[in-house]
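Numbering-wise (my numbering), the sequence shown opens with residue 359 and increments by one. Using N, Cα and C, we set each Cβ at its ideal position, and we do this for glycine too. Small disclaimer: the values here were computed from a predicted structure and weren't measured. Shown next, in structure tokens, is the structure this report addresses.
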Amino acid sequence: MLEELAAEAGGMAARAASRAFLGLAGPPGAGKSALARYLVDEVCAAQGPGTAAYLPMDGFHLSNAQLERLGRRDRKGAPDTFDVRGYLALLRRLHAVGESPVYAPDFDRTLDEPVAARLIVEPGVRLVVTEGNYLAEDAPLWREVRALLNDLWYVDADDTTREARLVERQIAGGRSAEDAQEWVRRSDRANGEIVKATRGNCSRVVRPGEAERLR
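What follows is the structure, encoded as structure tokens:
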């Protein structure tokens, strides 16, 4: 399965007149970032370094300071806790392929904060693989994001597997096991239900977590 997905992504890069955009939507813990990085690595291995680049929506998390100001710290990860306008602006900038590199933010799970300019999209990149929970959302600004993608896949995993991964993620970020389980129950689970309702807006459903190498 993974080889087929990599071949499809590679075909998008090879056919692109200038630059193609592949989106990966799906609930928290489904394996979106692992799949996105795998696809980028495989396309670059097949077609040359710098052919593909990774762009996570999570780089556009609002900072913890802004979430505190808005009273939304306890719902971090919900649709309204992202700078969707900033994400949309960067996608549009990447569509207008220029001669200079474009720097992009990432999300640091240890800091639990977005980090500016950690990632780079070089001028020669032919495929941008971008991933995030809400790429298939039906709200107006998210629909504009979707319109900029050549294709959008839904990355899925069963709830038990996802939530176990999410608890591990929170513990790795410094929470106690009890606090991690409470966070997943209160926040990640609710966000996952929002995302599940958008599955029909994607062209296909993939389950990369079934592949051992991405675990």
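To the nearest angstrom, how far is it from the Cα of residue i to the Cα of residue j?
{"i": "glycine 444", "j": "glutamate 361", "result": "33 Å"}
{"i": "glycine 387", "j": "leucine 524", "result": "6 Å"}
{"i": "aspartate 516", "j": "glycine 550", "result": "11 Å"}
{"i": "glutamate 400", "j": "leucine 363", "result": "10 Å"}
{"i": "arginine 501", "j": "valine 564", "result": "21 Å"}
{"i": "glycine 406", "j": "glutamine 539", "result": "42 Å"}
{"i": "valine 503", "j": "alanine 404", "result": "28 Å"}
{"i": "arginine 547", "j": "alanine 411", "result": "29 Å"}
{"i": "leucine 499", "j": "alanine 535", "result": "36 Å"}
{"i": "threonine 518", "j": "valine 542", "result": "12 Å"}
{"i": "lysine 580", "j": "glycine 456", "result": "As displayed, the chain neither begins before 359 nor continues past 573, which places residue 580 out of reach and without an answer."}
{"i": "threonine 556", "j": "alanine 436", "result": "14 Å"}
{"i": "tyrosine 461", "j": "leucine 449", "result": "12 Å"}
Our contact map puts residue i next to residue j with C-beta atoms below 8 Å; I'd like the distance itself, whole angstroms only.
{"i": "leucine 413", "j": "valine 486", "result": "5 Å"}
{"i": "threonine 468", "j": "glycine 417", "result": "At roughly 15 Å, the Cβ-Cβ gap does not stay under 8 Å, so threonine 468 and glycine 417 are not in contact."}
{"i": "serine 545", "j": "arginine 430", "result": "No, serine 545 and arginine 430 are not in contact; Cβ-Cβ is about 10 Å, not under 8 Å."}
{"i": "glycine 384", "j": "valine 513", "result": "4 Å"}
{"i": "lysine 390", "j": "glutamate 521", "result": "That pair is no contact at about 15 Å."}
{"i": "leucine 380", "j": "aspartate 509", "result": "5 Å"}
{"i": "arginine 395", "j": "leucine 452", "result": "18 Å between Cβ atoms; not a contact."}
What three-state label does DSSP hand residue i in the structure shown?
{"i": "glycine 381", "result": "strand"}
{"i": "arginine 562", "result": "strand"}
{"i": "alanine 371", "result": "helix"}
{"i": "alanine 410", "result": "strand"}
At what residue ranges does the stretch 446-510 contain a whole run of the alpha helix (DSSP H), taking only runs of 4 or more?
498-505
Check whether the stretch 459-477 and the stretch 489-501 are in contact - that is, three or more C-beta pairs closer than 8 Å.
no
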